[in-house]
Amino acid sequence: MPGTNRQLTDLSGTFELSGGVKMPYLGLGVFKCDDAVQAVTSALEAGYRLVDTASIYANEQEVGTAVATSRVPREEVFLTSKVWNADQGFDSTLRAFDDTLARIGSDYLDLYLIHWPVEGKYKETWRALETLYREKRVRAIGVCNFLQHHLEDLMADASTMPMVNQMEFHPFLVQQPLVDFCNAHQIQYQAWSPMMQGHVFKIEAMQTLAEKYNKSIAQIVLRWDLQKGVATIPKSSKQERIVANADVFDFELHPEDVAFIDSMDCGKRFGPDPDNFDF
Ligand code: NDP
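Following our numbering, the residues of the sequence shown are numbered contiguously, the last one being 883.
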């Protein structure tokens, strides 16, 4: 069940989604990645088995190339992409999905997400995702940036419930009631910008924790995600960081340190507000 599987083994480990699909709990994000072929190649070599892209990142093709040229079979890599706001609506989402598959060079996706809750559009978009899911062209479907009221509105008319909610999530933006709501509805929470787009490295208290566990700040924050049952997709384009960021399976944060990181929450966003975006 989302949020309740705390069995953290290694990079091949997964959280099970509500439809039964197993999603790796730690993957590579490739937003603003200088060289996505290189980054994804490094990640797959390091044992990562999930890559998070989106049509708006303009690197789906590179992601597909890296997977195709790696030694890892396509079926062992969990590929996520997202429908961009301008493509929302029923027919346009189906077309956007076809374009995404063509760029990636695969005949299916593992997870397709609505990128943002575009008012007046997201329910039609969701109908398209349900269709793709029914046709088995995608193994799991979900959303990003949906607050509780967006989820409630979507679920009121949905025939398939969202399996994932990918949200900005880090020590300054925990939104625990939303995490609890998702857990209660078997919606797996997944953290975007888990390292605050780099700002987490400036927090002194995180440095103190890193010294206490003899780990890096990145490792502390990613381990915190996983111990909270939150899947996570840190981005780096540097091979040594990609490798080091995944070295989080040889230690465990004490519950009081998990609670201490939780207590840093001050509602600060580094990305747009899902209730107030204009793109
Ligand atoms: P992150 O919080 O993952 O931070 C990435 C930044 O941290 C980069 O500048 C990276 O630099 C740096 N970094 C990574 N590892 C280390 C390290 N060990 N030490 C020091 N610096 C480090 O930010 P993102 O915004 O990229 O979020 C992650 C992913 O989430 C995205 O790539 C994307 O896939 C997804 N996302 C989804 C959104 C959505 O709306 N659904 C919105 C935003 C992101 P460098 O590359 O130079 O190592």
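Backbone N, C-alpha and C define an ideal beta-carbon position, used for all residues, glycine too. Note that the structure is a prediction, hence the values are computed from the model and not measured.
{"Asked": "In DSSP terms, what Asp877 is bridged to", "Found": "Asn880"}
{"Asked": "Contact set for Phe853: own chain, Cβ-Cβ below 7 Å, skip 5 residues either direction", "Found": "Leu612, Thr613, Asp614"}
{"Asked": "Any non-hydrogen atom of the ligand NDP closer than 7 Å to Arg827 Cβ", "Found": "no"}
{"Asked": "Beta strand (DSSP E) segment containing Ile683, residue limits", "Found": "For the sequence presented, residue 683 should be read as Leu rather than Ile. Segment 682-687, the beta strand (DSSP E) holding Leu683."}
{"Asked": "Cys748 burial status per 10 Å Cβ neighbour count (16 or more: buried)", "Found": "buried"}
{"Asked": "C-alpha distance - Met868 paired with Asn787, whole-angstrom precision", "Found": "21 Å"}
{"Asked": "Validate contact between the stretch 781-795 and the stretch 731-740 using beta carbons, cut 8 Å, 3 pairs", "Found": "no"}
{"Asked": "Endpoints, beta strand (DSSP E) assigned at Phe619", "Found": "618-620"}
{"Asked": "Residue ranges of each alpha helix (DSSP H) within the stretch 753-796, 4 or longer", "Found": "780-788"}
{"Asked": "Whole-angstrom C-beta distance between Arg743 and Leu715, which should lie under 8 Å", "Found": "7 Å"}
{"Asked": "Simplified DSSP state of Lys725, which is helix, strand or coil", "Found": "coil"}
{"Asked": "Distance, His803 Cα to Leu813 Cα", "Found": "16 Å"}
{"Asked": "Separation of Gln752 from His858, as counted between CA atoms", "Found": "29 Å"}
{"Asked": "Cβ contact check for the stretch 623-633 and the stretch 828-843: 3 or more pairs under 8 Å", "Found": "yes"}
{"Asked": "Three-state secondary structure assigned by DSSP to Met810", "Found": "helix"}
{"Asked": "For Ile745, three-class secondary structure by DSSP", "Found": "strand"}
{"Asked": "Glu664 versus Thr657: straight-line alpha-carbon distance, rounded", "Found": "6 Å"}
{"Asked": "Phe923 Cβ short of 7 Å to the ligand NDP heavy atom set", "Found": "Lying before the first or after the last residue shown, residue 923 is absent from the chain, which here runs from 605 to 883."}
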